[in-house]
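Before any comments, here is the structure.
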Amino acid sequence: MASLECEFFGRKLKNPIILASGVLGMTRESLERSCNSGCGTVTTKSLSMEPRKGHEGPNIVETECGLLNAMGYPNPGIEEGLKEFSGWKREEPLIISIVGKDRKEFSALAETIENQGDELNASAVEAVLSCPHTPGYGTMAGQGAAESVADITSAIKENTKLPLIIKLSPSVPGVVKAAGAARDAGADAINMGNSLGPGMKIDIHRKMPVLGFGMGGLSGPPIKPVAVRCVYDITSSVDIPVIGTGGINAGVDAIEMMMAGASWTGVGTAVYYRGPEAFDLIAREMNVWLDMYGYSSIDEIKGAVHEEIRKH
Amino acid sequence: MRKFENIKPVYSRKVRKVIEENYRVKTIEIEHDMRDALPGQFLMVWVPGEGERPMSIGNSNPLTISVASVGKVSSKLHELRAGDMVSYRGPFGRPFRIPKDAKSMLVIGGGYGVVPMYFLARVAKQNGMGVYSVVGGKTGKDIIWEKQLFTVSKEAFITTDDGSRGKKGTVMIEAEWLIGEKKIDQVYACGPEKMMLAAAKVCHDHGMPCQVSVERHMKCGVGICGSCDINGHLCCQDGPVFTGEEVLSMPDFGKRKRDASGKNVDI
């Protein structure tokens, strides 16, 4: 059996599969269940300063080419959220996801996390600058632009010693510039991937957009080529590790993402297509593929596309 | 694996009939024979511009839901008349299971929890099973669907908290008597969570298998957003039907639930 083991900021992971933020991670128990279902590491729901109920439903609509969602960051707020996740004991590391409206909020969120000290036992903080469907946050607040990325990154780094992951959007131009700005401002990794869009699904009988918010982010296999290209571009010029997220539904998708240069891969919508055991299925498929083609470790294929292209 | 070509659509169909059940519940029959709907499953019912709520399926043909007017989405649904359009997606969730060798069952419905119980009892009777039923409510006015349920039951009982109809007390007075007295293979319950907790405990004490239908704050309906989590179980996907043993192992069952923001609050 090929090894899927890899490193994550000094911690050893059983595989490079990360539960993407926003999927399942509302409670400690569901994160633990995701660990049991094969995740190498897990990310919480994104926590904001104040509690948020999220957008009015429908929050999700199935389309013939992926899922469209507009959750609107439902979360109990940073104080309550950290109570939920504090004292994490699993061997799979915990990533705390945060969302803020501006530099000030991100500073305060980072400070609140830092104040928990070792009690929290989280392994990284992920700042989401890429939600396509929540006013005041993410791409709707222009957080994906390089200047904004640098500003927010430095604000968080000033307030927490935890490794910082900056989550970028595939929907805005200039991801490489944004990733470079994050690195220069002290980010430890990039999560390249969020839902694509926003998009809109109209119910032709009701002549109305189905989603309560009107529009939402597209996820699932259809967005994979965009995510893979973004990861390839970023890893071509920015020298911090990247989580490749977007459309990973099977082992070969994860292999492709890592060949593009990703060090780990985020999985979310696969839970919808394949059930809560999706992580384990993807890990097993990666294993089978590596065995079949004679690789002994996932490290051997990481960034393989970059090497191959150089030869031609 | 879900295939792209068989995604569940958002249905928009005509309302066939609206029945006023009591001071706060209306039943809506829809011109739709939803053949893949099973007892215990639910729909996500959408009112454009207002929102979307999970609703138990009360029958598959005609597709039927009962709506208590409790908020903005349900009060809009109460305005529907025959011929109006109603939109929904589904059916979703794990249905009630009827063991192959089961010959008789007891169904317990509290308030409008009786709605999925009727669907289950009807299907069970069609399969040749004997159905005992208990319907309960706060007062006589809260008893709904009892006539439908009684037509598919061998014996049926009513209880009310104030004694204004049937026996005074909770559904468990009659239910526990039936469990002790009759030959029953399986118990099903739907209603207020404290009632279902009582049912699960009584069944556990009698060594009687039991299934209950759990309600939580559902958003996506398809097992991905995590909003309806109860101690690591997803109500929309692993449930809404859980076995009595499953719910008794959930520390939050009957005690706490997650609000729209995910905060754990007392029920």
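Protein sequences, first through last, are from chains A and H. Anchor point for the first sequence: position 136 equals 1010 in the working numbering, and the numbering is continuous, going up by one each time. Anchor point for the second sequence: position 68 equals 85 in the working numbering, and the numbering is continuous, going up by one each time. Using N, Cα and C, we set each Cβ at its ideal position, and we do this for glycine too.
Could you round the C-beta distance between residue i and residue j to whole angstroms and report it? I think they count as a contact, below 8 Å.
i                  : j                  : result
Pro1099 of chain A : Leu1070 of chain A : The Cβ separation is near 10 Å, so there is no contact.
Leu1085 of chain A : Gly940 of chain A  : Rounded, the Cβ-Cβ distance is 13 Å, inconsistent with contact.
Gly1140 of chain A : Gly1067 of chain A : 6 Å
Asn889 of chain A  : Ala1157 of chain A : 5 Å
Glu985 of chain A  : Thr917 of chain A  : 20 Å between Cβ atoms; not a contact.
Pro116 of chain H  : Ile74 of chain H   : Actually they are not in contact, since the Cβ atoms of Pro116 of chain H and Ile74 of chain H sit about 21 Å apart, beyond 8 Å.
Would you call residue i buried or exposed, if buried means 16 or more other Cβ atoms sit within 10 Å of its Cβ?
i                  : result
Val282 of chain H  : exposed
Tyr40 of chain H   : exposed
Tyr1146 of chain A : buried
Arg1057 of chain A : buried
Ser997 of chain A  : buried
Arg70 of chain H   : buried
Asp246 of chain H  : buried
Glu191 of chain H  : buried
Ser230 of chain H  : buried
Lys1031 of chain A : buried
Tyr847 of chain A  : Limits of chain A in this structure are 875 at one end and 1186 at the other, which puts residue 847 of chain A out of reach.
Arg98 of chain H   : exposed
Ser244 of chain H  : buried
Glu953 of chain A  : exposed
Gly1135 of chain A : buried
Met875 of chain A  : exposed
Ile196 of chain H  : buried
Gln228 of chain H  : buried
Ile1076 of chain A : exposed
Alpha carbon to alpha carbon, how far is residue i from residue j?
i                  : j                  : result
Arg1184 of chain A : Met1132 of chain A : 17 Å
Ala206 of chain H  : Met225 of chain H  : 13 Å
Lys120 of chain H  : Lys1176 of chain A : 59 Å
Cys237 of chain H  : Pro948 of chain A  : 12 Å
Glu1182 of chain A : Tyr1169 of chain A : 16 Å
Asp976 of chain A  : Ala1178 of chain A : 37 Å
Arg964 of chain A  : Glu906 of chain A  : 8 Å
Gly110 of chain H  : Ile1108 of chain A : 41 Å
Leu942 of chain A  : Met146 of chain H  : 43 Å
Glu262 of chain H  : Ala1101 of chain A : 43 Å
Gly127 of chain H  : Val151 of chain H  : 8 Å
Pro932 of chain A  : Trp194 of chain H  : 43 Å
Ala1128 of chain A : Val1162 of chain A : 12 Å
What is the residue span of the beta strand (DSSP E) that residue i lies within?
i                  : result
Pro1072 of chain A : 1070-1073
Ile952 of chain A  : Not the beta strand (DSSP E): Ile952 of chain A falls in the alpha helix (DSSP H), residues 952-959.
Cys880 of chain A  : 880-882
Ala1063 of chain A : 1063-1066
Lys43 of chain H   : 42-47
Kindly list, in the order they appear in chain A, the residues whose Cβ is closer than 8 Å to that of residue i.
i                : result
Ile24 of chain H : Glu936, Thr937, Glu938
Met51 of chain H : By Cβ distance, chain A contributes nothing, its closest Cβ being about 17 Å from Met51 of chain H, past 8 Å.
List the residues of chain H whose Cβ lies closer than 7 Å to the Cβ of residue i, in chain order.
i                 : result
Ser904 of chain A : Gly243, Asp246, Gly249
Pro925 of chain A : Ser278, Lys280
So which residues on chain A does residue i lean against when the C-beta distance must stay under 9 Å?
i                : result
Val87 of chain H : Simply none; closest approach about 15 Å.
Val1 of chain H  : Chain H is shown from 18 up to 284; residue 1 of chain H falls before or after that span and cannot be answered.
What is the residue span of the alpha helix (DSSP H) that residue i lies within?
i                  : result
Ile175 of chain H  : It is not in any alpha helix (DSSP H) - Ile175 of chain H instead sits in the beta strand (DSSP E) that spans 172-177.
Trp1163 of chain A : 1152-1166
Met213 of chain H  : 210-223
Pro1099 of chain A : 1098-1111
Arg182 of chain H  : Note, Arg182 of chain H: premise wrong, no alpha helix (DSSP H); not H, not E.
Met1131 of chain A : 1125-1133
Leu166 of chain H  : 163-168
Ser1028 of chain A : 1020-1033
Ala119 of chain H  : First-last for Ala119 of chain H: undefined, no H or E at that position.
Along chain H, which residues have their Cβ under 8 Å away from the Cβ of residue i?
i                  : result
Thr1143 of chain A : Ile241
Lys919 of chain A  : Gly243, Gly279
At a CB-CB cut-off below 9 Å, which residues of chain H make contact with residue i?
i                  : result
Tyr1146 of chain A : Arg19, Cys237, Val239, Gly240, Ile241
Met1089 of chain A : Result: empty, since nearest Cβ-Cβ is about 15 Å, beyond 9 Å.
List, in order along the chain, the chain A residues whose C-beta lies closer than 7 Å to that of residue i?
i                : result
Gly68 of chain H : Glu930, Gly931, Gly1086
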